[in-house]
Each structure stands twice: as structure tokens, then as C-alpha cells.
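Chains as they are written, first to last, in the working numbering: chain U, 27 to 253; chain Z, 27 to 253. Here is the structure we will look at.
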DNA sequence: TTAATAAATTAGGCATGACTAAAACGCGCA
DNA sequence: TGCGCGTTTTAGTCATGCCTAATTTATTAA
Ligand SMILES: [Mn+2]
Ligand SMILES: [Mn+2]
Ligand SMILES: [Mn+2]
Ligand SMILES: [Mn+2]
């Protein structure tokens, strides 16, 4: 077995494992195969490779866990992913639903100098366009901003959109269609118990006050910061 | 054979073929294998693949030639390579000898939107940090700036450093060691017939006039624009 | 305690893109 | 015309990472 080899595939597995661990979920071959759109049998094979490389602790039929080096690598990938996303949105003018797939590629560029200089160039941002925290150059990961799901808000609350749960492009695109963007300040006018939807009021791009009703499904995935 | 597949390997072959064609050299399996640090037998294999994909015209024992689609793809790679190099030097503060290897990775990122927005962000630069022209979004490649090799200059000529021949990192690093950078304005004081070296005068970073003797090997690879 | 079921692993293949060694080719020169 | 040598291709392997199908294991319910 050739040690010390990096590869896009291995790195995507490490990232997927980290993501499940951060959610407190069990890292099974099935859960990983769903995330990466492969098959459980393929995951078993990769678990062996990563285990031989010392990047995960793998007990057959029991699941996997990142080792110190594995976690370091995974966090570095997360850092790169989020910094590139931030660059694309803040500097290049992409919308927040357009950058995930491209960052999925950019995160594999091997150069610590590059990512650290990009970080400095942007002034060391703390959060990516989806509200997720960006690990610093030493791999320190701060908590997600103390945000609340919008469905927890009560009538009269004023808050600003600061993130989303998950990273579904269709959801982000839907938000875009409705004119919901990061930083949008809105006030909860009414909460409908019947279907869990809420009526909100906010200023649109043309400075006009606008009323809108957000569905239960939408507000459950939308994160905001209370004013 | 799975058509329509992109891959880093195939793309590097296309770039290597384009580079040889632009130099007017014959595209043989040996020449490509030297450029890519593979073996001629491997090149034969890849020539077949690229030929099946319609990206090159390949006649066994005769060599290869880019087709229209192949050339388009290769020029797009060249565009991406040079734009990323420019970004790293102009925006991130890299030196011109540090960016080639990283651009070798970045050029494979698949996203026309990304590279076009990066191009716009930088104000549509025409030349990369090594003086090479950057193809535009439609694949139009203008000529290299009409530069002269420094060994062709005569006593009393004043010129500015605008590029290098080839892309050897050791050469670029050597230039850096001597304080020779893009845009440096210098005057030829003497030309030594004996060994082809020339004595020049220029202002260093601290605004002091500085004299230096450049070797024949150095000035042959250094390109400048006459004032 | 055992049987059924769901999850995970093994076995066997395939595609890509490298490699080495051996055979075939093509071109210049006698 | 034909020989010789350097170039190129072919043949056969290997590593990676994916797949499907068959088998094994863990867990849960009877
Ligand atoms: Mn990725
Ligand atoms: Mn993100
Ligand atoms: Mn490359
Ligand atoms: Mn260049």
C-alpha cells in the first residue's frame, strides 16, 4: 500500500466523516455512501485504506472515527471549502447557491500558502456565505454563530437571516427566488399554528416594505440572529 | 469507451500538445513523455484515448495534432492557468516563481463562470506574470508582446524586463535572488563578446543605482521591451 | 434461545492511467 | 536494395476506486 498519497476521493470521505461526527451521528458505511453517492461496499473498501493510512479508526461492523491526523486533514478541507465559497460570493459576485459545487473542487487544491494568502486577502472572515464558521490556519473551529431556527421565533420578533441548515442548492435557489438573502432583516407579523407557516415583513431591494408568508418547511431550515 | 469524460490527465496531455505545436515542434510520443514525465508507451495509450474522443488527430508512428475541439479545450486550459497565475501574483502577493505548480492544479477546476468572473475581477489582464498572453473568454489568443531577448540588446539600450522563455522555477528563483523582477528598467552599460555576458545598471528597491553583470545563459532566457 | 431482518463485508469485475519488456516500424546510409 | 538503430507500439501488470452479487454478522422479535 502506497502511504502518503493524497487524493480527491479520500479527502471527500474524510470530509463526509467529519460532517457526520459534528452532527453527532454514527459513521456507518451506509450513511457515508448516501452522502457521497457511492455504495456501502465501496465505503468498506475506502475505510480500510483510510485506516491503513492512520486517518481513521475503523472497527468492522462497528463504524469509523477520525484520528487526530484525520481530523486535522478534514478540518483543513472544511477551511478551504468555506474560504473559497466566501471568496466567490464576496469578491466575485456569485450568489450563495452557486458556489458549493465549485468549492467542492477548489477544496482539493494542495497549497497551504495559497489558502492562507486568500484568507488574509479577504481579511480573515469568520463565517462563510451559509453562516458556517471558517476554521483558522491552525485548525481552530469556533462554534456556529448562536443562531435560532426561524420557526422558533414569536410574533413581533425582529431578526436577520444568517444561515441555513444543510447545503441543498435547491433550497438556496428557492430562497433566492423569494428575495431572501444573507443579512435580510425581517419582522414576524403572525405565526400560523395551523400549518406552521409564518407571516413576515421586510424591505425589498427597492426599499419597499413587503409582506410574505414562509412555509413551515422553509422556516425550519432557515437560521436567523435575533435583534 | 466512456465518452465526454474530463480528467486532469487528459487535460495535461492536451496542454502539452498545444505547447509543442505553438513552438512548431513535432508532437511525438517521446517529446510529450518528456514534458509530462511519463513514458512513451503511456503517451501512445493516451493518444488513442484522445483520438477516440475526437480531441486529436493521431496517426501511429506519425504523431498527433489537435483537432478544433482539442485546441479549444487546450486554449481554455491555458487561459485558466495564466489567469490564476496572474491572480496569485497581482492580488495575493505571490512571487512569479511560486505560482506555476499551483496553477497547474487550479487550471483543472471546471467552471466557466468562475474563470470569467475572476477575469472580470482582475480587469481582463492581457499578460500573465511571465509575460505570456492570456486568451480571452472566446479563446482568442493574441501574440506574445513583441519582446526581445536581452542578449540581443546593444550598449546604451534601456529596456524593461517583461518575460522569460520557458517556465523553469529555478530560473525564476535565480532572477528573484538577483533582484530581477517584472517591470525592472535597466540600461546596458557594456556587452562582453568574450563570454556573452552583459553589464547593466538599474535602480534597486532602495532607489540606489546598482551595477550587475548578467551571464549569457541568463540573458538568453530573459525577455525585455525596449524603451 | 433461536429465527428473521437489516447492515456490512467479501468476492469478483471493470475502467483509468501509469509502468516494463518485447516486438514492430521507418528512415538514413552503405 | 537492404541493414541497423532509434522511435513507437503492443503485451502484460499494477494501483486506485468504483460496481454488483453473494455471504456474513449484529440486532431484534418471537
Ligand atoms: Mn470535494
Ligand atoms: Mn458553505
Ligand atoms: Mn495541470
Ligand atoms: Mn505563466
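All residues carry an ideal CB built from backbone N, CA and C; glycine is no exception. The structure presented is a predicted model; accordingly, all values stated were derived computationally and were not measured.
- What residue 131 of chain U touches in chain Z, judged by beta-carbon distance under 7 angstroms, is 135 and 136, going in chain order.
- Around the Cβ of residue 86 of chain Z, a 10 Å sphere holds fewer than 16 other Cβ atoms; the residue is exposed.
- Exposed is the label assigned to residue 95 of chain Z, since fewer than 16 other Cβ atoms lie within 10 Å of its Cβ.
- A direct Cα-Cα distance of roughly 6 angstroms separates residue 122 of chain U from residue 155 of chain U.
- In this structure, residue 136 of chain Z has its CB at a distance of at least 6 angstroms from all heavy atoms of ligand 1.
- Residues of the same chain with a CB within less than 7 angstroms of the CB of residue 222 of chain U, apart from the 5 flanking positions on each side, are 177 and 242 in chain order.
- For the pair of segments examined, the region 124-131 of chain U was found not to touch the region 139-146 of chain U: the number of CB pairs separated by less than 8 angstroms stays below three.
- One thing to note: residue 111 of chain U has its Cβ no nearer than 7 angstroms to the Cβ of residue 40 of chain U.
- With respect to residue 224 of chain U, residue 245 of chain U sits close: the two C-beta atoms are nearer than 7 angstroms.
- The continuous beta strand (DSSP E) containing residue 185 of chain Z extends over residues 184-190.
- If you draw a straight line from the Cα of residue 149 of chain Z to the Cα of residue 116 of chain Z, it comes to about 11 angstroms.
- Between residue 145 of chain U and residue 252 of chain U, the beta carbon gap of about 29 angstroms keeps them out of contact (Cβ cut-off 8 angstroms).
- Nearest C-alpha to residue 104 of chain Z among Z:165, Z:88 and Z:212: Z:165.
- Within chain Z, not a single residue places a beta-carbon under 7 angstroms from that of residue 109 of chain U; the smallest gap is close to 12 angstroms.
- Taking all protein chains shown into account, residue 106 of chain U has 16 or more neighbouring C-beta atoms within 10 Å of its C-beta and is therefore buried.
- Assignment of beta-bridge partners to residue 239 of chain U by DSSP yields U:225.
- Taken through DSSP and simplified to helix, strand or coil, residue 213 of chain U comes out as strand.
- Around residue 57 of chain Z, the same chain offers 46 and 51 as residues with beta carbons nearer than 8 angstroms, after the five sequence neighbours per side are excluded.
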